[in-house]
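A.B. asks: The sequence shown: position 2 = 51 (my numbering), numbered continuously. From the three backbone atoms N, C-alpha and C, an ideal C-beta is built for every residue, glycine too. Given the structure is predicted, the values throughout are model-derived calculations rather than measurements. Starting off with a structure, shown below.
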Amino acid sequence: MFSRLFGRKIPQAPPSTGGRLVYAIGDIHGRLDAFEPLLHTIAQDVLASAPSERPMLVLLGDYVDRGPASAQVIDAILALQAEAAFEVRALKGNHEEALLQFRDEPGFGQTWVEHGGSATLASYGVQPPATRTDPEAWETARLAFGKVLPPAHTHFYETLELMLTVGDYAFVHAGVRPGVPLARQVERDLLWIRAEFLQSTAKFEKIIVHGHTPMEEPQITGRRIGVDTGAYATGLLTAVRLDDSGHRILQGRAVRSAA
Ligand SMILES: [Mn+2]
């Protein structure tokens, strides 16, 4: 409107978080050893930023599988929620969906281990079946898993959010389906979409902040911010810090780099 009134272009304001200080963390995948240093970096940044309102910590999903400390990552998230220094908002990833599916269906175990589920079982002290195709062994593992899963973890997995919007940003695990309004996105796309979202040039209603597809570097375009840097393999966990002045990348690195 002003550009029309004055006949020249005014500088565009950066996207807004509505005044909030927000940190969004990519796929942790059982790497407590990368999550802890990143939380330390974020805590230092909060001290330096002295926000007027409690900062928000958005976890973009895929807390479990592949890395060695899935159960311990969930404990750390629950501790953060209890501390109340941040408003913690945890999104659901496709790996949390897989965990819940195995909890209910032993037949899914074989698929789950192909995606790193054995590491999750081991982190809960459950021995994965020696033979992947033995249905009885899977049922035994499922029952053992059900027994050791703390009620607080069950509640955590069952109450994960699918999408969160803050100001000009929408946070999701994987991405959104181009051409579909945010309010009409379906869980399958929010948890699983890759190429159709990543390669799309369509305009989304918000800047989409997401994980799910590992890249060497964080992906920042005007339309999306991708922060999955494959921590389970690289030991490098990435977050984006957002406020009304724009975005900045923060990272935590595990001392040991191989999963
Ligand atoms: Mn994922």
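1) Count the other C-beta atoms from every protein chain shown that fall within 10 angstroms of the C-beta of E163, then say buried if there are 16 or more, exposed otherwise.
2) With three or more beta-carbon pairs closer than 8 Å as the criterion, would you say the stretch 79-96 touches the stretch 242-249?
3) Under three-state DSSP, which class holds Q176?
4) Tell me which residues pass a beta-carbon proximity test against ligand 1: closer than 5 Å to any heavy atom, given in chain order.
5) Rounded to the nearest angstrom, what separates S52 and A62 at their Cα positions?
6) Can you tell which of L291, A171, P64, R272 has its C-alpha closest to the C-alpha of S98?
7) Which one of F220, L211, E210 has the shortest CA to CA distance from E254?
8) Can you tell me which residues form a DSSP beta bridge with D292?
9) Along the beta strand (DSSP E) that carries A220, what are the first and last residues, could you check?
10) How would you label H202, buried or exposed, when you count the other beta carbons within 10 angstroms and need 16 or more for buried?
11) Report the residue from L109, Y173, A147 whose alpha carbon sits nearest the alpha carbon of P117.
12) If you drop the 5 nearest sequence neighbours on each side, which residues of the same chain put their C-beta closer than 7 Å to that of D277?
13) For P178, is the classification buried or exposed, using 16 other Cβ atoms within 10 angstroms of its Cβ as the cut-off for buried?
14) Taking all protein chains shown into account, do 16 or more other C-beta atoms lie within 10 angstroms of the C-beta of V235, making it buried, or fewer, making it exposed?
15) Residue range of the beta strand (DSSP E) that G67 falls in?
16) Measuring alpha carbon to alpha carbon, tell me which residue in A171, G284, L192 is nearest S119.
C.D. replies: Quick look at the numbers:
1) Counted from its first residue, the sequence shown places residue 163 at position 114. By the neighbour-count rule (16 or more Cβ atoms within 10 Å), E163 is not buried but exposed.
2) no
3) Indexing the sequence shown from 1 puts residue 176 at position 127. Note: Q176 maps to coil in three-state DSSP.
4) D111, G142, N143, H261
5) Start at 1 with the first residue of the sequence shown, and residue 52 comes out as number 3. Start at 1 with the first residue of the sequence shown, and residue 62 comes out as number 13. The predicted position of S52 is uncertain, since its pLDDT is 46 and thus under 50; no value can be drawn from it.
6) Along the sequence shown, read from residue 1 onward, the residue named residue 98 stands at position 49. Among L291, A171, P64, R272, the Cα nearest to that of S98 is on L291.
7) The sequence position of residue 254 within the sequence shown is 205, counting from 1. Nearest C-alpha to E254: F220.
8) For the purposes of this step, residue 292 is identified with residue 243 of the sequence shown, where counting begins at 1. Partner(s): G295.
9) Residue mapping note: residue 220 aligns to position 171 of the sequence shown, counting from 1. In the sequence on display, residue 220 carries Phe and not Ala. Residues 218-220.
10) Position 153 of the sequence shown, counted from the start, is the residue given in the question as residue 202. Buried is the call here.
11) Within the sequence shown, the letter at position 68 stands for residue 117. Measuring from the Cα of P117, the nearest candidate turns out to be Y173.
12) For the purposes of this step, residue 277 is taken as residue 228 along the sequence shown, with counting starting at 1. Correct list, in chain order: G75, D76, G260, H261, T262, P263, M264.
13) By one-based count along the sequence shown, residue 178 stands at place 129. That one is buried.
14) Along the sequence shown, read from residue 1 onward, the residue named residue 235 stands at position 186. With fewer than 16 Cβ atoms within 10 Å of its Cβ, V235 is classed as exposed.
15) Stepping through the sequence shown from its first residue, residue 67 is reached at position 18. That residue, G67, is in no beta strand (DSSP E); it is neither H nor E in DSSP.
16) Locating residue 119 in the sequence shown gives position 70, counting from the first residue. Checking every option, the nearest Cα to that of S119 belongs to A171.
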